[in-house]
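Notes follow the structure.
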Amino acid sequence: MEFIDLGRQYDEIKEQLNLKIQKVLNSHHYIMGEEIIELEKRLAKYVGREFCLTCGSGTEALIIPLMAYDLKESDAVFVPAFTFFASAESISLAGGKPVFVDVDDTFNMSITSLEEQIERVLKEGKLVPKGIMPVDLFGRSADYDKIIPIAEKYGLFVIEDAAQGFGGTLRGKKNGSFGDVSATSFFPAKPLGCYGDGGAIFTDDIELYNKMKSIRVHGSGTNRYDNVRIGINGRMDTIQAAVVLTKLDIFDDELKRRQEIAEMYSKELENTIVVPRMDEDHCSAWAQYTLRAKDEKQREVIMAELKRKDIPTMIYYPKPLHKQTVYKEMGYDQELECCQKLAEQVFSVPMHPYITKD
Ligand SMILES: *Cc1c(COP(=O)(O)O)cnc(C)c1O
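Be aware that the sequence shown starts at 1, since it is given in the numbering used here, and climbs by one per residue.
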């Protein structure tokens, strides 16, 4: 059994996909071809935002907006410690300081911890609170109903890390539409993946959009050889856009399948082990289906037994970000109780739209 069965998905879309890729090859527009423009239009409409910019990866989709905010060394951006490394890394790369926030049993940013950390930073007076980066971990929207008012109260920007969340909704509103700007990833294993690296940025703010568009191509001004700021090469390849366009056609059906599979898992497992939270407001994109063992020892036993039955499992994430070597050495020695507990308990089981009941 596969953890994520991309081969099975390819069989499903092979014909249309091969045609679309062939079209790009015939056009010779490997960079910024018409598929890029078409994809940006379709993605913006899909999430319900004014503007979309495709880019080279999910990490770049975080770095580009953070660069647009001109972060200084003393600028704090609040980010959960229980996420993929790129969430915090992008803040450091863009010149700011990640401040780690604990999570709760939804796996997402804890509102209590967020306010505690903002207050702590203000009281210490060394860093200046600038932004919040909630993460839609495993596909479930963070608690934007509570996060946005906190951001407004303290005058902070909100950048949504929807790398795992694309396709998920909060009361019908799509991930990728929350906060000032959102980032997603088309890494092959994400809910909507391409066949290499890719990502996209969403916003309703035209000024921010224009600035990010410039940063995406070396800080370009009126033309490519006029450089008005420091940027990067952050473009997505046209061939990858052809892949995402093709997969978008079947994406909603796939999301429905993911939801059915998650419900099936939960129904069978909820009396045995802690299953992921589901409620009426949230419709997860189910990037991962993540269970919680009692402790590290029980998790080891369960994972070994599943392996014996040829069922792959993964641990997302074994080490919270503030405990990663690089951040530990930078003096992050705080205790974030829930992150640490989850790192010892969680494991994810196979999740993709082509799992059968058997
Ligand atoms: C995958 C991921 C990223 C980075 O995306 P890439 O396309 O791999 O660069 C960022 N944040 C989270 C939460 C992710 O899961």
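Yeah, the Cβ is synthetic: ideal placement off N, Cα and C, and Gly gets one too.
### Query
Where does the unbroken alpha helix (DSSP H) through residue 189 begin, and where does it stop?
Counted as a single uninterrupted DSSP element, the stretch harbouring residue 189 is not any alpha helix (DSSP H), since DSSP gives it neither H nor E.
### Task
With DSSP as the reference, label residue 160 as helix, strand or coil.
Reduced to three states, the DSSP call for residue 160 is strand.
### Message
Tell me whether residue 84, by its Cβ, gets closer than 7 Å to a heavy atom of ligand 1.
### Response
For ligand 1, at least one heavy atom lies less than 7 Å from the Cβ of residue 84.
### Message
Here's a check: name, in chain order, each residue in its chain whose Cβ is nearer than 6 Å to the Cβ of residue 81, leaving out the five neighbours to either side.
### Response
Close CB contacts of residue 81 within its chain, under the 6 Å cut and outside five residues either way in sequence, are with 100, 320, 321, 322, 336 and 339 (chain order).
### Message
From the DSSP secondary-structure annotation, give me the bridge partner or partners of residue 170.
### Response
Partner(s): 173 and 282.
### Message
Does the distance between the C-beta of residue 324 and the nearest non-hydrogen atom of ligand 1 fall short of 7 Å?
### Response
Checking every heavy atom of ligand 1 against the Cβ of residue 324, none is found closer than 7 Å.
### Task
For my contact list, residue 212 and residue 53 are in at a C-beta cut-off of 8 Å; report their separation, rounded to the angstrom.
About 6 Å separates the beta carbons of residue 212 and residue 53, which is inside the 8 Å limit, making them a contact pair.
### Query
Leaving out five residues before and five after residue 1 in sequence, what residues of the same chain have Cβ atoms less than 7 Å from its Cβ?
Taken in chain order, the residues that qualify are 310, 311, 312 and 350.
### Query
Are at least three pairs of beta-carbons, each pair with one atom in the segment 193 to 209 and one in the segment 71 to 88, less than 8 Å apart?
Between the segment 193 to 209 and the segment 71 to 88 there are fewer than three inter-stretch CB-CB distances shorter than 8 Å, so the stretches are not counted as touching.
### Query
Ends of the alpha helix (DSSP H) at residue 53?
Per DSSP, residue 53 belongs to no alpha helix (DSSP H); it is in the beta strand (DSSP E), 51 to 55.
### Query
If you measure from the CB of residue 57, is any heavy atom of ligand 1 nearer than 7 Å?
At least one heavy atom of ligand 1 is nearer than 7 Å to the Cβ of residue 57, so yes.
### Query
So what does DSSP say about residue 140, is it helix, strand or coil?
For residue 140, the three-state secondary structure derived from DSSP is coil.
### Message
Suppose the cutoff is 7 Å on Cβ atoms and the five residues either side in sequence are ignored; what does the same chain contact list for residue 64 look like?
### Response
Taken in chain order, the residues that qualify are 55, 201, 212, 215, 216 and 234.
### Query
For residue 258, is the classification buried or exposed, using 16 other Cβ atoms within 10 angstroms of its Cβ as the cut-off for buried?
Answer is buried; the Cβ neighbour count reaches 16.
### Query
For the 8 Å Cβ check, are there 3 or more pairs between the segment 262 to 269 and the segment 285 to 305?
Short answer: they touch.
### Message
Excluding the 5 residues flanking residue 6 on each side, which residues of the same chain have their C-beta closer than 7 Å to its C-beta?
### Response
Answer for residue 6: 188, listed in chain order.
### Query
For the alpha helix (DSSP H) that residue 103 lies in, which residues bound it at each end?
From DSSP, residue 103 is part of no alpha helix (DSSP H); its letter is neither H nor E.
### Task
Identify whether residue 93 lies in helix, strand or coil by the three-state DSSP scheme.
Here residue 93 sits in helix by DSSP.
#### Entry: Nearest neighbour of residue 165, chosen from 191, 156 and 37 [CA to CA]
Residue 165 has its Cα closest to that of 191, out of 191, 156 and 37.
### Message
Can you determine whether any heavy atom of ligand 1 sits closer than 7 Å to the C-beta of residue 178, and answer yes or no?
### Response
No - ligand 1 has no heavy atom lying nearer than 7 Å to the Cβ of residue 178.
#### Entry: Touching by the beta-carbon criterion (3+ pairs, under 8 Å), the segment 167 to 174 and the segment 133 to 144
Because the criterion of three Cβ pairs below 8 Å is met, the segment 167 to 174 and the segment 133 to 144 touch.
### Query
Which residues does DSSP pair with residue 314 in a beta bridge?
DSSP lists 348 as partners of residue 314.
### residue 291: first and last residue of the uninterrupted beta strand (DSSP E) it sits in
Residues 289 to 292.
### Segment limits, alpha helix (DSSP H) that includes residue 24
For residue 24, the enclosing alpha helix (DSSP H) starts and ends at 6 to 27.
### Query
Is residue 237 helix, strand or coil when you go by DSSP?
Secondary structure of residue 237 (DSSP, three-state): strand.
### First through last residue of the beta strand (DSSP E) which encompasses residue 203
Start and end: 199 to 203.
### Task
Express the C-alpha separation of residue 250 and residue 112 in angstroms, rounding to a whole number.
If I take the Cα positions, the gap works out to 39 Å.
### Message
Given this structure, state the Cα-to-Cα distance separating residue 26 from residue 353, to the nearest angstrom.
### Response
Distance between the alpha carbons of residue 26 and residue 353 is about 32 Å.
### Task
Go to residue 128, then tell me how far its beta strand (DSSP E) extends in each direction, as first and last residue.
Segment 128 to 132, the beta strand (DSSP E) holding residue 128.
### Query
Which residues mark the beginning and the end of the beta strand (DSSP E) in which residue 275 is found?
It is not in any beta strand (DSSP E) - residue 275 carries neither H nor E in the DSSP assignment.
### Query
Where does residue 230 sit, in a helix, a strand or coil, going by DSSP?
Under the three-state reduction of DSSP output, residue 230 falls in the coil class, being neither helix nor strand.
#### Entry: Minimum C-alpha distance to residue 248 - residue among 83, 38 and 30
Closest in C-alpha terms to residue 248, from the list 83, 38 and 30, comes 38.
### Burial state of residue 96 (16 or more Cβ within 10 Å)
Burial state of residue 96 is buried, judged by a 10 Å Cβ sphere holding 16 or more other Cβ atoms.
### Query
Can you list, in chain order, the residues of its chain whose CB lies under 6 Å from that of residue 23, leaving out five sequence neighbours each side?
Answer for residue 23: no residue qualifies.
### Query
Measuring CB to CB, does residue 199 end up less than 8 Å from residue 183?
Taking 8 Å as the cut-off, the beta carbon of residue 199 is found closer than this to the beta carbon of residue 183.
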